[in-house]
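Participant: Numbering (the numbering used here), first residue to last: 23 to 178.
A single structure is presented below for examination.
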């Protein structure tokens with residue numbers, strides 16, 4: 023005889039004193055537990071893979087910087103990050119300058135592997151920021167405006 027009661031979620035045996043369980047009752051419960059836990063453990067949508075954990079295991083460092091207005095500025099970082107994000111505080115990522123008929127770029131993403139949204143480059147611990155004095159191909163980079171307040175976020 024199986025159990026008189028079953029658990030709410032998995033339907034496992036909830037024996038009472040008068041029940042007389044058989045070996046098959048335990049085996050069935052074990053199969054249910056194994057199946058449900060196995061599905062849960064293998065669900066990659068709710069669990070991180072080792073690769074995902076490695077990506078999230080890095081550190082994040084932020085730097086606040088005041089621009090000095092030079093056309094090129096090298097910022098020496100404390101370590102060599104994988105990616106850096108730069109943006110001008112209180113400004114959109116990019117805006118249109120109607121007087122110069124160009125896009126003014128106030129932010130950038132740059133990777134250690136040489137990829138960039140433009141206006142910045144990253145080599146080891148050196149981050150180079152560009153501040154354009156005139157448009158080139160309809161773009162001016164505004165990553166070192168004099169007295170501009172910048173946030174630099176480094177992802178290791």
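Quick reminder that beta carbons are idealized off the backbone N, C-alpha and C, glycines included.
(1) Report yes if the C-beta distance between residue 142 and residue 128 is below 7 angstroms; otherwise report no.
(2) Who are the Cβ neighbours of residue 144 in its own chain at under 6 angstroms, not counting the five residues just before and after it?
(3) Buried or exposed for residue 166, going by 16 or more other Cβ atoms inside 10 Å?
(4) Compute the Euclidean distance between the alpha carbons of residue 57 and residue 78, then round it to the nearest angstrom.
(5) What separation, rounded to the nearest whole angstrom, lies between the Cα atoms of residue 95 and residue 64?
(6) What are the boundary residues of the alpha helix (DSSP H) that includes residue 52?
(7) Could you name the residues of the same chain whose beta carbon sits closer than 7 angstroms to that of residue 38, not counting the 5 residues immediately before and after it, in chain order?
(8) Using the rule of at least 16 other Cβ atoms within 10 Å of the residue's Cβ for burial, across every protein chain shown, is residue 80 buried or exposed?
(9) Determine the DSSP secondary structure at residue 70, reduced to helix, strand or coil.
(10) Would you give the residue range spanned by the beta strand (DSSP E) that residue 93 belongs to?
(11) Using the DSSP secondary-structure output, state which residues sit across from residue 156 in a beta bridge.
(12) So what does DSSP say about residue 34, is it helix, strand or coil?
(13) Along the chain, where does the beta strand (DSSP E) containing residue 165 start, and where does it finish?
(14) When you compare the CB positions of residue 93 and residue 153, do they come within less than 7 angstroms of one another, or not?
(15) Express the C-alpha separation of residue 48 and residue 68 in angstroms, rounding to a whole number.
Facilitator: So, from the listed chains and residues:
(1) No, the pair does not count as a contact, with Cβ atoms beyond the cut-off.
(2) By the criterion of a C-beta distance shorter than 6 angstroms, residue 144 is surrounded in its chain by 106, 132 and 134, once the five residues flanking it on both sides are discounted.
(3) Flag for residue 166 reads buried.
(4) Between the alpha carbons of residue 57 and residue 78 lies a gap of roughly 30 angstroms.
(5) Taking the straight line joining both Cα atoms gives about 48 angstroms.
(6) First-last of the alpha helix (DSSP H) with residue 52: 45-63.
(7) Close CB contacts of residue 38 within its chain, under the 7 angstroms cut and outside five residues either way in sequence, are with 26 and 27 (chain order).
(8) The residue is exposed, with fewer than 16 neighbouring Cβ atoms inside 10 Å.
(9) Looking at residue 70 - three-state DSSP - the assignment turns out to be coil, as it is neither helix nor strand.
(10) Counting along the chain, residue 93 falls outside any beta strand (DSSP E), and DSSP gives it neither H nor E.
(11) In the DSSP output, where bridge partners are listed per residue, residue 156 has none listed.
(12) In this structure, DSSP gives residue 34 a state outside helix and strand, which the three-state scheme calls coil.
(13) Per DSSP, residue 165 belongs to no beta strand (DSSP E) and is neither H nor E.
(14) Yes, the pair counts as a contact, with Cβ atoms nearer than the cut-off.
(15) Linking residue 68 to residue 48 through their CA atoms gives a straight-line distance of about 29 angstroms.
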